[in-house]
Amino acid sequence: MFTSVLMIEKALTSADVEFVTTLHGDETVAFHVLLQPRGDQADRLLRAIDDVALGELDEAARERETPEGADAAALGGQALEVSLEALHASGSQAVGRLIEDHPLDALRSLVDEIDADEVIVLTDPHYVEEFFHRDWASRARHKVGVPVLKLFSHSKV
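Residue numbers (the numbering used here): 2 to 158.
This is the structure we're talking about:
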């Protein structure tokens with residue numbers, strides 16, 4: 002069985018689930034999902050710049066409304082549950098957990114703990130962080146000893 006760690010920041014869409022579950026053809030894949038809610042990541046300014054770069058000016062103006070702290074964790078828990086249910090419905094094995102602090106440390110620990118075969122980072126684009134190679138995928142490539150695949154979420158939830 003192939004073991005993938007899937008890092009996400011919001012609930013998986015049906016298109017996302019189809020994409021990640023078909024990456025390895027007919028091979029059985031077990032997913033270990035790590036979710037850090039968007040509000041617990043970069044600061045508001047970076048999130049707003051990303052929104053502007055994507056042409057989503059309304060989203061940029063609403064960044065101050067993005068839940069942070071305990072509120073982000075509650076919404077993150079719901080997003081994780083929805084994502085795990087969607088993976089199960091596709092016939093995949095999946096377990097998951099929220100990450101509150103230091104996502105790359107949590108990633109490295111999990112990769113070692115489960116002897117993962119790969120890491121899939123599935124997020125919306127984060128142009129500022131990507132430009133400076135500070136996004137999860139770029140940083141993970143230097144922290145884990147397995148291949149890291151960077152994918153963009155198919156649609157907004």
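Ideal Cβ positions, reconstructed from N, Cα and C, are used throughout, including at glycine.
* Asked: CB His25 to CB Leu111, shorter than 8 Å?
  -> no
* Asked: What is the residue span of the beta strand (DSSP E) that Glu28 lies within?
  -> Per DSSP, Glu28 belongs to no beta strand (DSSP E) and is neither H nor E.
* Asked: Just how far apart, CA to CA, sit Ala141 and Ser5?
  -> 14 Å
* Please confirm if the segment 118 to 125 is in contact with the segment 77 to 93, defined as three or more CB-CB distances below 8 Å between the two stretches. => no
* Asked: In whole angstroms, what is the alpha-carbon distance linking Met8 and Asp118?
  -> 14 Å
* Quick one: Cα of Glu101 to Cα of Glu82, how far? -> 16 Å
* To do: Excluding the 5 residues preceding and the 5 following Glu28 in the sequence, name in chain order all residues of the same chain whose CB lies nearer than 7 Å to its CB.
  => Phe3
* To do: Could you pull out every residue in the same chain whose Cβ sits closer than 7 Å to the Cβ of Val18, ignoring the five residues on either side in sequence?
  => Ala87, Leu88 and Ser91
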